[in-house]
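In the numbering used here, the protein residues as written are 46 to 268.
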């Protein structure tokens, strides 16, 4: 497989973004392959240590050789991943060692800046998620409001046409009432969602069920 120096990939991405070429494909890679053994040998040289290698046969489906065709990217972006493997590994090892030393010092300026950057990313992500949640809630509420208004009118028209009483019931003067659209919390006697649009069946069920004094548009009998 090819091993590409990360700064080349970053440069390629930024150049492609600046070009503003929608739907155009740019391969970002090295342009020629190196073997895993070459990579391990290079890392050994940079670290001054020998790796413990366990050679195994290729797994089914493994590809013998892969690398990116970057000619189009070279022509359009001036992309030139010319950092050799050994130099890229040496620079990475040098950066990683410095990074680990800085991590050991909580007051290191670079580490403080990195921590502040991560905190800013978390804050920005949280704000973005809150904005998305607020937008989604507003959309759902708008849909519910439209459904509620249509449902209330339907129930009220049916109640007026069939003499059903609206409003709270009293124990001494029971009435078959309903709560438009949104279910009121608690006091459920029977849940019959299959009858939620069958007003006459809900009225009959409420008459037959002990303790029922009303029902709502979700087909729930209330006490």
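Using N, Cα and C, we set each Cβ at its ideal position, and we do this for glycine too.
### Message
Once DSSP output is grouped into helix, strand and coil, what is the label at residue 224?
### Response
A caution first: residue 224 carries a pLDDT of 45, below 50, which makes its placement in the model too unreliable to give a value.
### Query
Does the distance from the C-beta atom of residue 49 to that of residue 126 stay below 8 Å?
It is a contact, given that the beta carbons lie within the stated cut-off.
#### Entry: C-alpha gap between residue 179 and residue 165, whole angstroms
Residue 165 has its alpha-carbon roughly 21 Å from the corresponding atom of residue 179.
### Message
Measuring only the C-alpha atoms, how far is residue 229 from residue 181?
### Response
With a pLDDT of only 49 at residue 229, under 50, the local geometry of the prediction cannot be trusted, and the value read off the model is given with reservation. Their backbone Cα atoms lie some 23 Å apart in a straight line.
### Query
Would DSSP call residue 234 helix, strand or coil?
Residue 234: strand per DSSP, three-state reduction.
### Query
Which class does residue 68 belong to by DSSP, given the choice of helix, strand or coil?
Looking at residue 68 - three-state DSSP - the assignment turns out to be coil, as it is neither helix nor strand.
#### Entry: Same chain only: Cβ atoms within 6 Å of residue 235, ignoring 5 sequence neighbours per side
Cβ neighbours of residue 235 beyond the five flanking positions: 254 and 266.
### Query
Taking DSSP as the reference, what is the three-state secondary structure of residue 48?
Annotated three-state conformation of residue 48 is coil, per DSSP.
### Nearest-angstrom beta carbon gap, residue 76 and residue 115 [assumed within contact, 8 Å]
Contact holds; Cβ gap of about 5 Å.
#### Entry: Residue interval of the alpha helix (DSSP H) (run including residue 101)
Annotation for residue 101: no alpha helix (DSSP H) segment contains it, and DSSP assigns it neither H nor E.
### Task
Report the three-state DSSP secondary structure of residue 74 (helix, strand or coil).
In the structure shown, residue 74 sits in coil (DSSP, three-state: anything other than H, G, I, E or B).
#### Entry: Cβ-based neighbour list, residue 224, same chain, cut-off 6 Å, excluding 5 preceding and 5 following
Low confidence applies here, because residue 224 scores a pLDDT of 45, under 50, leaving its location unreliable and the question unanswered by this model.
### Query
Could you check where the alpha helix (DSSP H) with residue 81 kicks off and where it finishes?
Start and end: 81 to 92.
### Message
Can you confirm whether the segment 68 to 87 touches the segment 129 to 144 when touching is taken to mean that 3 or more C-beta pairs between the two stretches lie within less than 8 Å?
### Response
Judged by Cβ distances under 8 Å, the segment 129 to 144 makes contact with the segment 68 to 87, as three or more pairs qualify.
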